[in-house]
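In case it helps, the UniProt record's numbering puts the sequence shown at residues 1 to 298.
Think of the CB as a built atom: it goes at the ideal place given N, C-alpha and C, for glycine as much as any other residue.
Structure, as structure tokens:
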Amino acid sequence: MFDHFLWSVVIVPPLAVIVVRLLADRLAPGRAASVVAWSAVTVAVTSTINLLLLSAHALAQVPAVGRLLGWSASVVAADTAGVEWVPWVSLALLAGGLVSVGRRWRQQRRVLAMVPVGGPGGLVVVPDEAPRAFAVPGDPGHVVVTTGMRGLLTDQQFEALLAHENAHLAERHHRLARAAELAVAAHPALWWVGKHVDYLIERAADERAASDLGSRKTLAHAIGVAALAGAGSPFAAALHAAVPGGVVPRRVAHLLRPQPRVAPAVFVLLPALVALSSVVWTGEAALDLAELMVAAWR
1 MFDHFLWSVV IVPPLAVIVV RLLADRLAPG RAASVVAWSA VTVAVTSTIN LLLLSAHALA
61 QVPAVGRLLG WSASVVAADT AGVEWVPWVS LALLAGGLVS VGRRWRQQRR VLAMVPVGGP
121 GGLVVVPDEA PRAFAVPGDP GHVVVTTGMR GLLTDQQFEA LLAHENAHLA ERHHRLARAA
181 ELAVAAHPAL WWVGKHVDYL IERAADERAA SDLGSRKTLA HAIGVAALAG AGSPFAAALH
241 AAVPGGVVPR RVAHLLRPQP RVAPAVFVLL PALVALSSVV WTGEAALDLA ELMVAAWR
């Protein structure tokens, strides 16, 4: 089972990072965000399942467990001869990953509980001098804007900001962002993929808002003003709002030039194929463990 550990836990996550990095800015952002996010989730889940299988292998090779359940622990242990550390390391990694995912899940729930409830028209204006604006998912979702942010923007720029945040709500980008966060929590090697999902959903919201407004320049100016004025907000950062950061200049640059040609849609399948390979190997790992346990019972 060492080869399955090597592929699904060690190789595939960094490989997914490489594929996504090579395709950055070459794909339509909306479609790419969905494929990259769910590919990351698939990689994280299959990696976790592999760790679970190897953890079961570790416990099955304990002599006391073998005597209790009626199989040969020595037969199970012989399967990983030479790499005896792998099952036990997998058990530790599994425990750490589950704790990390649980913490991230609770953090997401706490952040959502802290934000203001929606008001009429889907807009909540909060009396606060700090310049902040972010979309809050829900049924229905709404946009929160502080008076500090509103005072910095012209009417056109404010309309552009609302169009961007409403695009997040319409496309349900919070689901992709939260899924990618949980994938990163499960496997830290996916960190860059998770950050790129954030970038792609911002780009997707930019493109939809620019289309709705009919002016890419107005939206670019609004993003620039909001980014320069806003400080890092715990609400906005966790809810993936338009906050300042290293990707803002790239977003503005995309908006200030004609809509670029993108690579053929087939290239968006590359991250999915990497994830699918891990699914196949995980299935084989489960079969191998089942065959091993049958042999150990003989």
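Please say whether residue j and residue i have beta carbons closer to each other than 8 Å?
i      : j      : result
Val274 : Val19  : yes
Leu176 : Ala37  : yes
Pro29  : Ala204 : yes
Ala279 : Thr48  : A quick correction: the sequence has Val, not Ala, at residue 279. Result no, Cβ atoms of Val279 and Thr48 do not sit closer than 8 Å.
Leu190 : Ala33  : no
Arg251 : Asp206 : yes
Ala272 : Val35  : yes
Arg31  : Ala265 : yes
Report buried or exposed for residue i, applying the criterion of at least 16 other Cβ atoms within 10 angstroms of its Cβ.
i      : result
Arg132 : buried
Trp7   : buried
Gly194 : buried
Leu27  : buried
Gln107 : exposed
Ser74  : exposed
Met114 : exposed
Ala290 : exposed
Ala242 : Residue confidence is low: Ala242 scores 42 on pLDDT, short of 50, so the model does not pin down where it sits. No coordinate-derived value is stated.
Trp297 : exposed
Leu169 : buried
Trp71  : buried
Gly66  : buried
Leu256 : exposed
Val83  : exposed
Leu69  : exposed
Val76  : buried
Ala16  : buried
Ala64  : exposed
Arg216 : buried
Ala210 : buried
Arg109 : exposed
Ala60  : buried
Could you compute how far the alpha carbon of residue i sits from the alpha carbon of residue j?
i      : j      : result
Leu161 : Ile223 : 7 Å
Trp281 : Ala183 : 19 Å
His240 : Asn50  : Any reading at His240 needs caution, since the residue's pLDDT is 46, under 50, leaving its predicted position unreliable; the model's value is listed next. Using only the alpha carbons, I get a separation of about 31 Å.
Ala130 : Leu53  : 49 Å
Ala135 : His142 : 6 Å
Arg21  : Leu270 : 12 Å
Val86  : Asp139 : 45 Å
Val89  : Val197 : 29 Å
Gly96  : Arg150 : 43 Å
Tyr199 : Phe5   : 30 Å
Val62  : Pro188 : 30 Å
Leu94  : His57  : 13 Å
Gly214 : Thr154 : 17 Å
Ile201 : Pro258 : 19 Å
Arg178 : Trp192 : 15 Å
Met1   : Asp25  : 37 Å
Ala81  : Asp3   : 13 Å
For the putative contact between residue i and residue j, defined by C-beta atoms under 8 Å, what is the C-beta separation to the nearest angstrom?
i      : j      : result
Ser55  : Leu91  : 4 Å
Val101 : Ala220 : That pair is no contact at about 37 Å.
Pro137 : His164 : The Cβ separation is near 15 Å, so there is no contact.
Ala167 : Arg208 : 4 Å
Asp79  : Leu292 : 5 Å
Val12  : Ser277 : 7 Å
Val225 : Gln157 : 6 Å
Arg111 : Thr147 : The sequence shown places Val at residue 111, not Arg. Not really, about 22 Å apart at Cβ, beyond 8 Å.
Val145 : Leu123 : 7 Å
Ordered along the chain, which non-local residues of its own chain (more than five positions away) have a Cβ less than 7 Å from that of residue i?
i      : result
Val248 : Ile223 and Ala227
Thr218 : Gln156, Gln157 and Ala160
Val9   : Ser47, Asn50 and Leu51
Arg104 : Glu181, Leu182 and Ala185
Of all Cβ atoms in chain C, is any one closer than 8 Å to the Cβ of residue i?
i      : result
Val268 : The question asks about chain C, but that chain is absent: this structure has only one protein chain.
Apart from the five residues just before and just after residue i, which ones in its own chain have a Cβ nearer than 6 Å to its Cβ?
i      : result
Glu284 : none
Ala231 : With a pLDDT of 47 at Ala231, under the threshold of 50, the modelled position of this residue cannot be trusted; read the value that follows with caution. There are no such residues.
Ala229 : Pro131 and Leu152
Excluding the 5 residues preceding and the 5 following residue i in the sequence, name in chain order all residues of the same chain whose CB lies nearer than 8 Å to its CB.
i      : result
Arg172 : Pro137
Leu23  : Ala32, Ala263, Phe267, Val268, Leu270 and Pro271
Asp128 : Thr146, Thr147 and Gly148
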